[in-house]
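Quick notes on the structure that follows.
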Amino acid sequence: MIDTILNHRSIRKYTSEKISKETLEEILNAGMRASTTGNMQVYSVVVTEDDDNKAQLAPCHFNQPMIKNAPVVLTFCADYNRFNKWCELSNAKPGYDNFLSFVTGAIDALLAAQNVCVAAESKGLGICYLGTTIYTADKIIEVLKLPKGVVPVTTVTIGYPDESPELADRLPLEGIVHYEEYKDYSDEDIKDLYQEKEQLPENIGFVKENGKESLAQVFTDVRYKKQDNVAFSKVLLDVLKSQGFMNHED
Numbered sequence: 001m002i003d004t005i006l007n008h009r010s011i012r013k014y015t016s017e018k019i020s021k022e023t024l025e026e027i028l029n030a031g032m033r034a035s036t037t038g039n040m041q042v043y044s045v046v047v048t049e050d051d052d053n054k055a056q057l058a059p060c061h062f063n064q065p066m067i068k069n070a071p072v073v074l075t076f077c078a079d080y081n082r083f084n085k086w087c088e089l090s091n092a093k094p095g096y097d098n099f100l101s102f103v104t105g106a107i108d109a110l111l112a113a114q115n116v117c118v119a120a121e122s123k124g125l126g127i128c129y130l131g132t133t134i135y136t137a138d139k140i141i142e143v144l145k146l147p148k149g150v151v152p153v154t155t156v157t158i159g160y161p162d163e164s165p166e167l168a169d170r171l172p173l174e175g176i177v178h179y180e181e182y183k184d185y186s187d188e189d190i191k192d193l194y195q196e197k198e199q200l201p202e203n204i205g206f207v208k209e210n211g212k213e214s215l216a217q218v219f220t221d222v223r224y225k226k227q228d229n230v231a232f233s234k235v236l237l238d239v240l241k242s243q244g245f246m247n248h249e250d
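Heads up: the sequence shown begins at 1 in UniProt numbering, then just goes up one per residue.
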């Protein structure tokens, strides 16, 4: 299991080989065994295998090729629709129309997603997370016909790998882990922690091809710009309101 985790690679190219129903269900069952708040399982997974349906999803993910190329696309959603209905049928009044409840459902969904990914990789499959899900949650809701109380939080493509990319770089352990209490970083700490990342040939190439002075500027000025973050935040907040997660009254 640890070897599987340590050798994780994001796979964006897949062979034409289909995933059997038995293998897919085994992977999804592994997802269902993930930790969940209060054992409520306030999440759902939408499986997309049909080519026409994948074509409808593709624009929601900026037409990244792996949406159409992967045999299976999984959309993980925070989902109180099912749990609220169970409560109401049981003469219990649900109080989950608030931001905290959305966060709880999103955490549950992401925990299940990671279980699914590790299980898939242990079977020789490749996976790739798509962060675009929360950028275009409104459009995904339309395509997947998600009812009130359901919000997509991440998407994972799964298939047999048709590429073998190098392991992605990661910060050293001491850059991430704090013992007993948070130890803030000095300027020298930051320089040391990011030095290896900045000196990788591919990252030097990113800086050059984008006409920037530093790798950090590639992130702030090109890949994850403030104006985009603000625009996508508005979309997500509007989705949370329309899907019933922003009622903060008593």
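All residues carry an ideal CB built from backbone N, CA and C; glycine is no exception. Note that the structure is a prediction, hence the values are computed from the model and not measured.
query	result
Pair within 8 Å by beta-carbon distance, D138 and V239	yes
The beta strand (DSSP E) enclosing P165, as first and last residue numbers	Run containing P165: none; DSSP gives neither H nor E here.
Backbone CA spacing between S35 and S164 [nearest angstrom]	31 Å
Local Cβ density within 10 Å of L130, reported as buried at 16 or more and exposed below that	buried
Meets three-Cβ-pair contact criterion under 8 Å: the region 95-115 and the region 47-67	no
Among P59, S44, G31 and L125, nearest to Q114 - alpha-carbon criterion	G31
For S20, the first and last residue of its enclosing alpha helix (DSSP H)	Here S20 belongs to no alpha helix (DSSP H), and DSSP marks it neither H nor E.
Segment limits, alpha helix (DSSP H) that includes T4	I2 to L6
C-alpha distance - I11 paired with E88, whole-angstrom precision	42 Å
Where G95 sits in the DSSP three-state scheme	coil
Residue from P152, K21 and D192 with nearest C-alpha to A78	P152
Beta-ladder partner(s) of A78, from DSSP	Y43 and V151
Three CB pairs or more closer than 8 Å across the region 174-188 and the region 18-28	no
Status (buried if at least 16 other CB within 10 Å, exposed otherwise) for S90	exposed
Reference V72, options W86, I27 and A112, closest by Cα	I27
Short Cβ contact (8 Å threshold) for N229 with V218	no
Residue burial classification, T220 (beta-carbon count within 10 angstroms, cutoff 16)	exposed
For V72, the three-state DSSP class (helix, strand or coil)	strand
N- and C-terminal bounds of the alpha helix (DSSP H) containing L130	Segment G126 to L130 is the beta strand (DSSP E) holding L130; no alpha helix (DSSP H) there.
Euclidean distance between Cα positions of K54 and T48	6 Å
DSSP state of G211 mapped onto helix, strand, coil	coil
Bounding residues of the alpha helix (DSSP H) (the contiguous stretch that carries A34)	Unbroken run through A34: none, as it is neither H nor E.
Coarse secondary structure for S90, derived from DSSP in three states	coil
Y224 versus S233 - alpha carbon distance	12 Å
Buried or exposed by the 16-neighbour rule on C-beta atoms within 10 Å, applied to I204	exposed
Limits of the alpha helix (DSSP H) - the one that Y194 falls within	D187 to Q199
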